[in-house]
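Numbering (the numbering used here), first residue to last: 57 to 474. Take a look at the structure set out below.
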Amino acid sequence: MNNLAVFFLFFLACSAGAQSQYMIEMDTLTPNVATATLYLSASNTSNRLTLRGRQIGSDPQVLNPSCNNQPLLLVAKEQWLAPEYCSMVTWTIRFDPALQGNVNAYEQRSLFFADRPWWLLSEQTSLLRSENEKEPIRVSVHIKGDKFQPNPKQSWLVPAKDSAPGFYAFGELAEISRTHGNVTVHHVADNANRIKRLGLISAHEQAFNYMVSLFPHPATDHLLVVWLGIDKKHNQTSGATGDNSLLVNYQYGGDKATEALSKAMTLMTVAHEQFHHLSQAALPAAWLNESLAQYYGLKALSYSRLPATDQTHIRTKFINPDRPIVKGLLGIQQEYDAGNSSGYPRFYDQGATFWAEIDRTLYDESKGECSLDQFLPLLLSRYDFGLHGELPQYFVARLRDVAGKRIDEIVAKYVTAE
Ligand SMILES: [Zn+2]
57 MNNLAVFFLF
67 FLACSAGAQS
77 QYMIEMDTLT
87 PNVATATLYL
97 SASNTSNRLT
107 LRGRQIGSDP
117 QVLNPSCNNQ
127 PLLLVAKEQW
137 LAPEYCSMVT
147 WTIRFDPALQ
157 GNVNAYEQRS
167 LFFADRPWWL
177 LSEQTSLLRS
187 ENEKEPIRVS
197 VHIKGDKFQP
207 NPKQSWLVPA
217 KDSAPGFYAF
227 GELAEISRTH
237 GNVTVHHVAD
247 NANRIKRLGL
257 ISAHEQAFNY
267 MVSLFPHPAT
277 DHLLVVWLGI
287 DKKHNQTSGA
297 TGDNSLLVNY
307 QYGGDKATEA
317 LSKAMTLMTV
327 AHEQFHHLSQ
337 AALPAAWLNE
347 SLAQYYGLKA
357 LSYSRLPATD
367 QTHIRTKFIN
377 PDRPIVKGLL
387 GIQQEYDAGN
397 SSGYPRFYDQ
407 GATFWAEIDR
417 TLYDESKGEC
427 SLDQFLPLLL
437 SRYDFGLHGE
447 LPQYFVARLR
457 DVAGKRIDEI
467 VAKYVTAE
């Protein structure tokens, strides 16, 4: 054996266990709790373990973390210290019982749904990680119970530390999967019949077919949407966006008109978030990221066959060329970069109005030959934005080729620093 081969074998041996891993074990006899184990990588250099849920203010769902039967020391809120050289930490995850019609998606809890049964795991409140562990970590779930034999082990990657959070669904999911081009969407709902009756899946399908057509090379090939119903007694609706996953509240049980309008609003929100997922464009300014996602969320809505009155109602909340401009988007972005986020909602309404005006002008001037859709890949691939998200000159010049000076007038109206 030559030296290179010896080195290679040595390297392989050393790289085994180089990655941290989670193992979650469920038992259907005790469905409200799970045993979680984190195998720490050999290269881990910190014994401080934390949760990412602090940012959302949700209570931890971690009980009794320990290493070799020795309890970890709680050193700060949601921060534990493991003994030195600890390589395996175990704890109990406590799943909240999901209350029919009253699950607030924004709280991002790990939940147990007793009916089928199935579970929603929220990494942020339930999975400890070493404070130095920045890379994605594989999580495997193993369910014990008659219903789940034979038991194919499921596994996913928990996102890197600075990414959006991870949400995972497992158990008897009654999942509805739809493939659109290169992307498969997995729909999981608290009540699969209800979301079908409401038409949420078909409306999503119509809107998403259009959305996927914008991305010949989408940033992901799978998305999870978890639909959580809110009944008329609990009015709030919200959502939470994860890494290739989305928790979304939808309303049901109110009068027909409220239900229909709320459905259109929900679909717009989902489309907005999925634009982020498919583009994963790290454009250099919040105004660019949010205004594009909002405009395309609204445009995708128009491809659904939801009632035109509901669509118009929502569209005009955001897109309104008659709304006076108090400050240009670059000016609002500069304030935002300096820590003042009071103008943030303008990225959604003024920003969406800007793109709507550009899109309409391209369409009109080209007599229906062109739209903003064709220029989207060019915009998303540019790296020469200005410091506060000023549009690349080359991009503006290409729009001008189609629609002339009108483009400059629209940019000057909406995207100034004043
Ligand atoms: Zn957004």
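Backbone N, C-alpha and C fix where the C-beta goes; we use that ideal spot for every residue, glycine too.
Contact test: residue i Cβ vs ligand 1 heavy atom, cutoff 6 Å
| i | result |
| --- | --- |
| T349 | At residue 349 the sequence reads Ala, which differs from the Thr that was named. It does: the Cβ of A349 is within 6 Å (strictly closer) of some heavy atom of ligand 1. |
| E179 | no |
| E346 | yes |
Residue i vs residue j beta-carbon contact at 7 Å
| i | j | result |
| --- | --- | --- |
| N100 | E140 | no |
| R234 | E191 | no |
| Q180 | P153 | no |
| S504 | Q307 | The structure shown does not extend to residue 504, since the chain is modelled only from 57 through 474, so no value can be given for it. |
| A399 | I381 | The sequence shown places Gly at residue 399, not Ala. Against a cut-off of 7 Å, the Cβ pair of I381 and G399 comes out as no contact. |
| C123 | V145 | yes |
| L434 | I414 | no |
| D288 | G309 | One detail in the question is off: residue 288 reads as Lys in this sequence, not Asp. Result yes, Cβ atoms of K288 and G309 sit closer than 7 Å. |
| V467 | C426 | no |
| L284 | S186 | no |
| A259 | L362 | yes |
| R194 | Q77 | yes |
| Q333 | V281 | According to the sequence shown, residue 333 is His rather than Gln. The answer is no: Cβ separation not under 7 Å. |
| D405 | F374 | yes |
| V89 | R150 | yes |
| M324 | G353 | yes |
| D475 | P215 | Lying outside 57 to 474, the shown extent of the chain, residue 475 is not represented and no answer is given. |
| M321 | I370 | yes |
| N120 | T91 | no |
| F223 | S143 | no |
Residue i - DSSP class collapsed to helix/strand/coil
| i | result |
| --- | --- |
| L107 | coil |
| R250 | helix |
| D405 | helix |
| R361 | coil |
| V458 | helix |
| H273 | coil |
| S422 | coil |
| T325 | helix |
| A296 | strand |
| L68 | Here L68 scores only 37 on pLDDT, less than 50, and its place in the model should not be relied on; the value that follows carries that caveat. It is helical. |
| Y439 | coil |
| N345 | helix |
| A245 | strand |
| N125 | coil |
| I388 | helix |
| E81 | strand |
| Y224 | strand |
| N58 | Low local confidence applies: a pLDDT of 44 at N58 is under 50, so the model's placement there is unreliable, with the coordinate-based value given in what follows. The answer is coil: DSSP assigns N58 none of H, G, I, E or B. |
| L334 | helix |
| R379 | coil |
| F63 | Residue confidence for F63 is low, a pLDDT of 39 falling below 50, so the modelled location carries little weight; the figure read from the coordinates is stated next. Helix at F63. |
| T472 | coil |
| L176 | strand |
| G285 | strand |
Residue i classed as buried or exposed, judged by whether at least 16 other C-beta atoms fall within 10 angstroms
| i | result |
| --- | --- |
| Q126 | exposed |
| S34 | Any question about residue 34 goes unanswered here, given that the chain covers just 57 to 474. |
| Q292 | exposed |
| A69 | At A69 the pLDDT is 36, less than 50, meaning the model places this residue with poor confidence; the figure from the coordinates comes in the next sentence. By the neighbour-count rule (16 or more Cβ atoms within 10 Å), A69 is not buried but exposed. |
| A408 | buried |
| L443 | exposed |
| L167 | buried |
| E189 | buried |
| E231 | exposed |
| L128 | buried |
| K355 | buried |
| D366 | buried |
| P87 | buried |
| T368 | exposed |
| R253 | exposed |
| A170 | exposed |
| S422 | exposed |
Assumed close pair residue i, residue j - CB separation to whole angstroms, cut-off 8 Å
| i | j | result |
| --- | --- | --- |
| E81 | S114 | Wrong, their Cβ atoms sit about 23 Å apart, outside the cutoff. |
| R456 | D464 | 7 Å |
| Y359 | Y266 | 4 Å |
| L339 | F441 | 7 Å |
| V304 | V326 | 6 Å |
| Y351 | A275 | With 8 Å as the limit, Y351 and A275 do not qualify as a contact, their Cβ atoms being about 18 Å apart. |
| Q210 | S219 | At roughly 20 Å, the Cβ-Cβ gap does not stay under 8 Å, so Q210 and S219 are not in contact. |
| K203 | T372 | That pair is no contact at about 49 Å. |
| L177 | L94 | With 8 Å as the limit, L177 and L94 do not qualify as a contact, their Cβ atoms being about 14 Å apart. |
| A132 | S97 | At roughly 23 Å, the Cβ-Cβ gap does not stay under 8 Å, so A132 and S97 are not in contact. |
| G157 | H328 | With a Cβ gap of about 24 Å, G157 and H328 do not count as contacting. |
Chain C within 7 Å of residue i, Cβ atoms only
| i | result |
| --- | --- |
| H243 | Absent here is chain C; the protein component of the structure consists of one chain. |
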